[in-house]
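Visitor: The structure is given below, and queries will be raised subsequently.
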Amino acid sequence: MLLEKIKTLPNKPGVYFFQGKNKQVLYIGKAQDLRKRVSQYFSSSNTLSFKTHKLVNNIIDIDIIITDSNDEALLLENTLIKKHKPRFNVRLKDDKTYPYIKIDLKENFPLVYITRQILPDNGRYFGPYTNVGGVRKTLRLLNKLFPFRSCTKKITGKDPHPCLEFHINRCAGPCIGVINQKEYMEIIKDITNFLEGNTKEVLNSLNERMHSASNQLHFENAAKYRDQIHAIKSVTEKQKVLFKNPLNMDVIGFWSSKSSKATFEILFIRNGRLIGKDNFTLTKITEDESDSELISIFLKQFYSNNKVIPSLILVSALPNEVNEITKWLTLLKKSNVEIKNPQRGHKAHLLKMAITNAEHKSSRSKIESNGIKTHLSDNLMNLLELPHSPHRIECYDISNLQGTNAVGSMVVFNDGIPVKKDYRKFGIKSVEGIDDYSMMQEVLTRRLQHLIESKKSNSPIQDSLHIKPDLIILDGGKGHLSIGHQVLLNLGIRDIPLASIAKKNEEIFVPHFQESIIIPKDSPTLYMLQNIRDEAHRFAITFHRTKRSKVGLKSVLDEIHGIGTKRRKALIKKFNDINSIKEASPIEISKTKGISLSLAKMIKEKLNNSNPS
Numbered sequence: 001m002l003l004e005k006i007k008t009l010p011n012k013p014g015v016y017f018f019q020g021k022n023k024q025v026l027y028i029g030k031a032q033d034l035r036k037r038v039s040q041y042f043s044s045s046n047t048l049s050f051k052t053h054k055l056v057n058n059i060i061d062i063d064i065i066i067t068d069s070n071d072e073a074l075l076l077e078n079t080l081i082k083k084h085k086p087r088f089n090v091r092l093k094d095d096k097t098y099p100y101i102k103i104d105l106k107e108n109f110p111l112v113y114i115t116r117q118i119l120p121d122n123g124r125y126f127g128p129y130t131n132v133g134g135v136r137k138t139l140r141l142l143n144k145l146f147p148f149r150s151c152t153k154k155i156t157g158k159d160p161h162p163c164l165e166f167h168i169n170r171c172a173g174p175c176i177g178v179i180n181q182k183e184y185m186e187i188i189k190d191i192t193n194f195l196e197g198n199t200k201e202v203l204n205s206l207n208e209r210m211h212s213a214s215n216q217l218h219f220e221n222a223a224k225y226r227d228q229i230h231a232i233k234s235v236t237e238k239q240k241v242l243f244k245n246p247l248n249m250d251v252i253g254f255w256s257s258k259s260s261k262a263t264f265e266i267l268f269i270r271n272g273r274l275i276g277k278d279n280f281t282l283t284k285i286t287e288d289e290s291d292s293e294l295i296s297i298f299l300k301q302f303y304s305n306n307k308v309i310p311s312l313i314l315v316s317a318l319p320n321e322v323n324e325i326t327k328w329l330t331l332l333k334k335s336n337v338e339i340k341n342p343q344r345g346h347k348a349h350l351l352k353m354a355i356t357n358a359e360h361k362s363s364r365s366k367i368e369s370n371g372i373k374t375h376l377s378d379n380l381m382n383l384l385e386l387p388h389s390p391h392r393i394e395c396y397d398i399s400n401l402q403g404t405n406a407v408g409s410m411v412v413f414n415d416g417i418p419v420k421k422d423y424r425k426f427g428i429k430s431v432e433g434i435d436d437y438s439m440m441q442e443v444l445t446r447r448l449q450h451l452i453e454s455k456k457s458n459s460p461i462q463d464s465l466h467i468k469p470d471l472i473i474l475d476g477g478k479g480h481l482s483i484g485h486q487v488l489l490n491l492g493i494r495d496i497p498l499a500s501i502a503k504k505n506e507e508i509f510v511p512h513f514q515e516s517i518i519i520p521k522d523s524p525t526l527y528m529l530q531n532i533r534d535e536a537h538r539f540a541i542t543f544h545r546t547k548r549s550k551v552g553l554k555s556v557l558d559e560i561h562g563i564g565t566k567r568r569k570a571l572i573k574k575f576n577d578i579n580s581i582k583e584a585s586p587i588e589i590s591k592t593k594g595i596s597l598s599l600a601k602m603i604k605e606k607l608n609n610s611n612p613s
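Residues 1 to 613 in my numbering are what the sequence shown lists, from first letter to last.
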């Protein structure tokens with residue numbers, strides 16, 4: 001039946017779907033000639049890899065989408081892979097969206113802000129920045145050097161009073177008419193030049209303005225320009241320049257050994273400067289996939305996800321569809337893109353550095369993974385005198401601020417690897433005020449009651465709370481251990497080992513040990529326990545901040561005219577916290593259900609004038 005269906009496929013470009021039971025999408029691919037490409041899977045089983053052979057054996061049906069061109073098929077393939085996440089497709093693990101600095105040129109007095117969304121508008125985007133902390137720092141620095149406005153109000157130049165930003169020299173005061181649009185656009189031009197690396201041009205412009213102000217006896221303005229010049233020189237002296245030319249490029253190296261993963265390292269170079277680096281993993285690969293195929297898969301998945309594409313991409317192996325991918329990237333960027341594999345010179349040296357970093361990351365991941373498993377089985381069981389190796393470890397922590405917005409966290413590690421789908425959050429319900437012990441008691445009791453109830457009901461549902469841990473670790477000292485031990489006794493649980501780890505001296509406490517256990521500081525076992533404890537702490541504090549921010553956001557939103565319960569809930573659901581709304585543009589905020597652009601601008605202005613959470 002399948003072979004008959006293949007014969008009816010058109011000799012046209014498009015995307016094909018291999019489907020299994022219940023129409024489950026097993027694999028998505030694209031082809032210049034659909035009939036020719038699909039028939040290759042069924043022509044000879046002897047030439048197929050193990051993975052492909054397994055795929056073919058599971059295919060029950062085939063579906064296609066015909067496209068006008070191969071380029072369109074390439075774009076559609078990536079979109080559909082992200083949507084369906086097919087079992088047999090090689091996938092980019094933990095693909096990310098990066099923060100960028102945007103200059104919104106639609107405004108007469110342009111805003112400068114952080115965004116993660118690249119829109120096909122008139123804005124200028126600078127980045128990517130590999131962490132939001134770095135981009136916030138850069139934005140604060142820009143605001144010190146160049147007094148652009150941070151409010152979203154309509155600028156008429158006729159406001160009676162300026163805001164605080166003007167008084168601390170963080171805004172030039174267009175709202176009260178201190179500067180006009182032409183003068184404000186000079187500031188925006190300076191910011192653009194600075195972010196593009198043209199600091200010489202910025203300094204020349206500021207020097208001219210300083211001398212002009214001095215000649216006109218405007219000495220206060222001249223002093224401001226002088227201070228700006230000194231500040232910019234101080235900043236640029238610390239920056240690492242790799243190229244004299246203002247090159248924008250990504251350098252992509254990768255490392256793949258005999259495993260099902262390939263590790264990629266990217267160096268982001270903007271305006272001749274290294275502004276950041278990041279690493280990624282391709283999963284579900286086989287030995288049959290060549291370096292060129294892996295690079296091809298990576299480029300398609302990485303750049304399809306809303307990223308600013310540089311004009312030059314250096315790769316450790318040219319992709320097997322180099323012309324198609326180059327053409328596709330050029331279409332996305334709307335200007336020429338080159339993909340190169342340099343063999344000598346400074347660019348080849350950078351590529352080698354990216355490959356070395358990818359190899360190091362790959363090796364370190366394997367060593368950590370294997371090392372943790374070994375220490376779990378060989379050391380931890382003996383160290384804590386456990387009845388068997390603790391494969392599933394749960395760790396708990398409490399986070400609150402003076403007893404408010406109190407939360408508990410549960411993180412889960414299997415053989416030393418975090419299982420994030422099994423993590424759980426607990427909002428503290430029964431405790432008021434500062435009482436960590438009672439909070440820990442509540443969290444553990446609630447968690448273990450789920451385990452007891454699932455045993456009684458023989459529930460087939462395998463929720464994380466229904467799985468018995470091999471070891472429970474508490475973030476804390478003797479007091480926390482005592483509370484945990486009492487919870488186990490109260491619930492009649494005798495077969496789950498318990499330990500606590502205190503931060504001060506990294507002491508381990510166990511109920512039946514008189515003395516604490518001190519593990520050598522260079523021990524991989526201690527490293528593993530610290531890693532688990534720190535992850536519980538991170539998860540707890542992240543949840544606490546989110547909860548606190550939601551409370552703060554709710555409070556601020558309640559003060560804005562036009563925000564009722566429904567709109568407030570919609571904003572909280574979409575943005576989660578105050579900082580996320582502060583980073584969003586008014587246009588992004590207005591995409592929330594029930595929020596107009598004018599209301600979005602009002603929200604933005606209110607949040608910018610409120611105290612940070």
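Note that the Cβ used here is the ideal one computed from N, Cα and C, for glycine as well. Please read all numbers here as calculations on a predicted model, not as lab measurements.
Give me, in chain order, the residues of the same chain whose beta-carbon lies closer than 8 Å to that of residue 423; leave out the 5 immediate sequence neighbours on both sides.
Guide: By 1-based counting over the sequence shown, the position of residue 423 is 423. The residues are 409, 410, 411, 412, 464, 539.
Visitor: Enumerated in chain order, which unbroken segments of the beta strand (DSSP E) with a length of 3 residues or greater are wholly contained in the segment 393–452?
Guide: Listed in chain order, the complete beta strand (DSSP E) runs (minimum 3 residues) inside the segment 393–452 are 404–414, 424–427.
Visitor: Given 8 Å as the limit, is there contact between the segment 558–573 and the segment 487–497, that is, 3 or more CB pairs closer than that?
Guide: In short, these stretches do not touch, since the Cβ pair count stays below three.
Visitor: Per DSSP, what kind of secondary structure is residue 337 in: helix, strand or coil?
Guide: Along the sequence shown, read from residue 1 onward, the residue named residue 337 stands at position 337. Residue 337: coil per DSSP, three-state reduction.
Visitor: Would you verify that the beta carbon of residue 32 is, or is not, closer than 8 Å to some beta carbon of chain B?
Guide: Here there is only one protein chain, and chain B is not present.
Visitor: So what's residue 525 in DSSP terms, helix, strand or just coil?
Guide: Translated into the one-based positions of the sequence shown, residue 525 becomes position 525. The answer is helix: DSSP assigns residue 525 an H, G or I state.
Visitor: Could you tell me the distance, in whole angstroms, from the CA atom of residue 99 to the CA atom of residue 326?
Guide: The count along the sequence shown starts at 1 and reaches residue 99 at position 99. The count along the sequence shown starts at 1 and reaches residue 326 at position 326. Their Cα atoms are separated by approximately 25 Å.
Visitor: Tell me which same chain residues have a C-beta within less than 6 Å of the C-beta of residue 357, skipping the five on either side of it?
Guide: Here residue 357 refers to the residue found at position 357 when the sequence shown is read from its first residue. Excluding residues within five positions, the ones whose Cβ falls inside 6 Å are 265.
Visitor: Taking residue 484 and residue 472 to be in contact with their CB atoms under 8 Å, please state how far apart those CB atoms are, rounded to whole angstroms.
Guide: One-based indexing of the sequence shown puts residue 484 at position 484. One-based indexing of the sequence shown puts residue 472 at position 472. Going by Cβ atoms, the distance from residue 484 to residue 472 rounds to 7 Å, so yes, they are a contact pair.
Visitor: Is it the case that the Cβ atoms of residue 308 and residue 120 are separated by a distance below 8 Å?
Guide: Position 308 of the sequence shown holds residue 308. Position 120 of the sequence shown holds residue 120. Not in contact: residue 308 and residue 120 (Cβ atoms no closer than 8 Å).
Visitor: Would you kindly report the start and end of the unbroken beta strand (DSSP E) that includes residue 279?
Guide: Your numbering for residue 279 matches position 279 in the sequence shown. Here the beta strand (DSSP E) through residue 279 covers 273–283.
Visitor: Can you tell me where the beta strand (DSSP E) holding residue 31 begins and where it ends?
Guide: Translated into the one-based positions of the sequence shown, residue 31 becomes position 31. Here the beta strand (DSSP E) through residue 31 covers 25–31.
Visitor: Using 8 Å as the cut-off, can you tell me whether the segment 203–218 makes contact with the segment 138–151, which would need three or more C-beta pairs spanning the two stretches below that distance?
Guide: No: fewer than three Cβ pairs fall under 8 Å.
Visitor: Kindly list the residues whose CB is nearer than 8 Å to the CB of residue 608, restricted to its own chain and excluding five residues on each side of it in sequence; keep chain order.
Guide: For the purposes of this step, residue 608 is identified with residue 608 of the sequence shown, where counting begins at 1. 150, 151, 152, 582.
Visitor: Quick one: grab the DSSP three-state call for residue 381.
Guide: Residue numbering aside, residue 381 sits at position 381 when the sequence shown is read from its first letter. Residue state, collapsed to three classes: helix.
Visitor: Taking all protein chains shown into account, do 16 or more other C-beta atoms lie within 10 angstroms of the C-beta of residue 584, making it buried, or fewer, making it exposed?
Guide: For the purposes of this step, residue 584 is taken as the residue at position 584 of the sequence shown. Result: buried.
Visitor: Less than 8 Å between the C-beta atoms of residue 14 and residue 67, yes or no?
Guide: Here residue 14 refers to the residue found at position 14 of the sequence shown. Here residue 67 refers to the residue found at position 67 of the sequence shown. Yes.
Visitor: Under a Cβ-count criterion, where at least 16 other Cβ atoms within 10 Å of its own Cβ denotes burial, should residue 457 be classed as buried or exposed?
Guide: As a position in the sequence shown, residue 457 is number 457, starting the count at 1. It is exposed - the Cβ of residue 457 has fewer than 16 other Cβ atoms within 10 Å.
Visitor: Sort out for me which residues DSSP pairs residue 538 with in a bridge.
Guide: By one-based count along the sequence shown, residue 538 stands at place 538. Residue 538 is not bridged to any residue.
Visitor: In its own chain, which residues sit with a C-beta less than 7 Å from the C-beta of residue 567, not counting the 5 before and 5 after it?
Guide: Along the sequence shown, read from residue 1 onward, the residue named residue 567 stands at position 567. Cβ neighbours of residue 567 beyond the five flanking positions: 594, 595.
Visitor: Using the three-state DSSP reduction, which class does residue 167 fall into: helix, strand or coil?
Guide: Taking the sequence shown and counting its residues from 1, the one referred to as residue 167 is at position 167. It is helical.
Visitor: If residue 479 and residue 527 are in contact, beta carbons under 8 Å, what's the gap, nearest whole angstrom?
Guide: Here the question's residue 479 lines up with position 479 in the sequence shown. Here the question's residue 527 lines up with position 527 in the sequence shown. Between residue 527 and residue 479 the Cβ distance is about 25 Å, and since that is not below 8 Å, they are no contact.
Visitor: What span of residues does the alpha helix (DSSP H) with residue 486 cover, start to end?
Guide: For the purposes of this step, residue 486 is taken as the residue at position 486 of the sequence shown. First-last of the alpha helix (DSSP H) with residue 486: 478–490.
Visitor: So, under 8 Å CB-CB, residue 390 and residue 470 are touching, yes? Tell me the CB distance rounded to an integer number of Å.
Guide: As a position in the sequence shown, residue 390 is number 390, starting the count at 1. As a position in the sequence shown, residue 470 is number 470, starting the count at 1. Confirmed, Cβ separation roughly 4 Å.
Visitor: Counting pairs of Cβ atoms below 8 Å between the segment 445–452 and the segment 508–521, do you hit three or more?
Guide: Taking 8 Å as the limit for Cβ pairs, the verdict is that the segment 508–521 does not touch the segment 445–452.
Visitor: Who are the Cβ neighbours of residue 6 in its own chain at under 8 Å, not counting the five residues just before and after it?
Guide: For the purposes of this step, residue 6 is taken as residue 6 along the sequence shown, with counting starting at 1. 35, 38, 39, 42, 62, listed in sequence order.
Visitor: Have a look at residue 359 and residue 328 and give me their C-alpha separation to the nearest angstrom.
Guide: Taking the first residue of the sequence shown as position 1, residue 359 is located at position 359. Taking the first residue of the sequence shown as position 1, residue 328 is located at position 328. Each residue's alpha carbon lies about 29 Å from the other.
Visitor: Quick one: complete beta strand (DSSP E) runs, 3+ long, within the segment 112–155?
Guide: Entirely contained in the segment 112–155, the beta strand (DSSP E) runs reaching 3 residues are, in chain order, 124–126.
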